[in-house]
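The sequence shown: position 176 = 176 (full-length UniProt numbering), numbered continuously. Even for Gly, the Cβ is constructed at its ideal location relative to N, Cα and C. Reading through the structure tokens given below for one structure.
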Amino acid sequence: MSNPQELKTDQNIAQAGFKPAEGKTVEKTALKDNLEKLARVGGFDLLEATVDGLQNLNPERKARKQIFLTGDEKKKEREELKKKIQLWIDVLESSNSVADMVEKSTEKLNTAEENLNKNIGTALESTRELEQAYRSVHLFYKNTEADKLKNVVLLNASMDQIKDLDNPRFIEYVDDELKQNYDRLDLRKNYSLMVVPGYMGSNKVLERWAKIAHNNKAMLVTDFADLDQPDDVLDLFTAANFTGGDAFRSNVIMTCNWLVGRGKVAEVGEEDDLTVPGSAALAGKMYYTLMSQVTAGKKHGAINEVDGVKFDLKKSEISHLERVGLVPMVNEYGKVMAFSAKTLFNGDNIGLQTYSVVRVFDYITKVLFDFLNRRAFENWTSKTEQDLRAQIVKFLDGIQGADRLIERFKIMRFERDEQQKDRIHLDIHITPYFPAKSFVVKLDGHKGEDENTTWNTEYNQQ
């Protein structure tokens, strides 16, 4: 039998156990009363129309409500809806009228927008260089006109690493990579283009990279500084002494007038458009274009997915920039295009001044060396000579003619050295294609049928 103290304890426990159930009953009653009050002004439909996403909590849609409240994939939506409801509660509790609600909501909205714009502006500024790099790579791929590319290697490096001659680890790595694929008997995996987007800064740095390209018969495509006016480009480029009569400069293409990669976002405080170096886009176009055709002009030099350039150029300014050795990017005919075929070589050899000619000669040289390396140490007989000559002629015939690499060729000499019997001389005269750059129009006129009349004129325009 229980004593009085035990009975009292049991009663307390029983009472304590019934309290939560009592609370649940009160909550259900309060919810029911509130829903009845809500029904008088439009029911739950009023809340659904007011708060986006609240339809997932409609008591009449039990299955949908259950999925929304328990599904893992709905977790993010639940958090967003919770924030919206709390925002409404805060506004309703702190306001006495609809006008007061509108005013306070507008203040919060303006504060949130200002904070968002400030944060976006900070993010854009801090990632500006990274965005330039990614947009450069994007433009390279888009201008190749191919879904998938073969034989492309991307290296991640900062401009400081590219310019650092005191600690040239990255420069030496690139040099070794090119050499590993050129300084060998089998040249099938050698590199043709070496693209370094951005401005290298000084002549000594450019020379180091140009010599790497020249020694491995690759074409270096890079950029001059991002400046605001063509006069600034001409003055600073001339002062930098990037051009010269050195043979290695014939393997360098330098663009100017950077591309507009993205317009400025004025709402977040950006003052300037995001500019992108043109070298990567030009290299992508060169990858796609026939080697003997310069990637310049309206037909062959138009850059994909670019709407503008840093500054507009007049015809005379384009001519001047081209004359000093730069490849200007021009916005004309509703397109952005490269408008020069020049390398940085300014010696007397016009072929070394034209990058399509340099690339064709480098290509032919590499193909011939690869072929002859495979035939090394064969006994030199009339049959061997005839066989080699026939295959060389077949190769050159295959790249000769319109829409190919060379205009014509002639084997001038193919014979063994009389003094050094293991040396064979192969001399080939090749006529490459040169781009048409200037058109001279001449018009003659006279009055009447007789050319010796009082009015006779001649009109020239280039």
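Reducing DSSP to helix, strand and coil, say where residue i ends up.
i, result
"I406", "strand"
"L443", "strand"
"residue 471", "Absent from the model: residue 471. The displayed extent of the chain is 1 to 462, so no value can be given."
"K421", "coil"
"Q400", "strand"
"G284", "helix"
"A123", "helix"
"K437", "coil"
"R323", "helix"
"V98", "helix"
"F345", "strand"
"G269", "coil"
"S202", "coil"
"W51", "It is Val, not Trp, that sits at residue 51 in the sequence shown. In this structure, V51 counts as coil in the three-state DSSP scheme."
"R61", "coil"
"G297", "helix"
"V393", "helix"
"residue 519", "In this structure the chain extends from 1 to 462, so residue 519 is not present and cannot be described."
"residue 494", "Residue 494 lies beyond the stretch modelled for the chain, which goes from 1 to 462, so this question has no answer here."
"V367", "helix"
CB residue i to CB residue j, shorter than 8 Å?
i, j, result
"residue 474", "Y363", "Shown here, the chain extends from 1 to 462; a query on residue 474 therefore has no answer."
"P230", "F311", "yes"
"V221", "I253", "yes"
"F242", "N203", "yes"
"V306", "P435", "no"
"R208", "L155", "no"
"A213", "N151", "no"
"L321", "L234", "yes"
"P432", "E415", "no"
"N167", "K366", "no"
"K104", "S97", "no"
"S226", "T255", "Note that residue 226 is Asp in the sequence shown, not Ser. Contact flag unset, no."
"L274", "Q132", "yes"
"I411", "R389", "yes"
"T144", "Y287", "yes"
"M337", "K298", "yes"
"N346", "G325", "yes"
"K211", "F248", "yes"
Does the CB of residue i have a neighbour CB from chain C at under 8 Å?
i, result
"E207", "No chain C is part of this structure, which consists of one protein chain only."
Which residues mark the beginning and the end of the beta strand (DSSP E) in which residue i is found?
i, result
"D223", "M219 to D223"
"C197", "The sequence as given places Pro at residue 197; Cys does not occur at that position. Counting along the chain, the beta strand (DSSP E) containing P197 begins and ends at L193 to Y199."
"residue 463", "In the structure as shown, the chain begins at 1 and stops at 462. Residue 463 is therefore absent and cannot be evaluated."
What are the residues that DSSP puts in a beta bridge with residue i?
i, result
"I428", "I411"
"N331", "V336"
"T238", "According to DSSP, T238 bridges with nothing at all."
"A314", "With the sequence shown as reference, residue 314 is identified as Lys, and Ala is not the correct amino acid for it. Note: K314 sits in no beta bridge, so no partner."
"L274", "R262"
"I253", "V221"
"V309", "L259"
"T354", "K342"
"G244", "F345"
"R416", "I424"
Span of the alpha helix (DSSP H) holding residue i?
i, result
"R169", "R169 to Y182"
"L227", "Per DSSP, L227 belongs to no alpha helix (DSSP H) and is neither H nor E."
"V260", "Not the alpha helix (DSSP H): V260 falls in the beta strand (DSSP E), residues L259 to R262."
"D160", "M159 to K163"
"K142", "R128 to N143"
Validate contact between the segment 319-336 and the segment 390-399 using beta carbons, cut 8 Å, 3 pairs: In short, these stretches do not touch, since the Cβ pair count stays below three.
Between the segment 271-287 and the segment 182-198, do at least 3 Cβ pairs fall closer than 8 Å? Yes, the segment 271-287 is in contact with the segment 182-198.
For the segment 116-131 and the segment 266-273, state whether three or more C-beta atom pairs, one from each stretch, are separated by less than 8 Å. They touch, by the three-pair rule.
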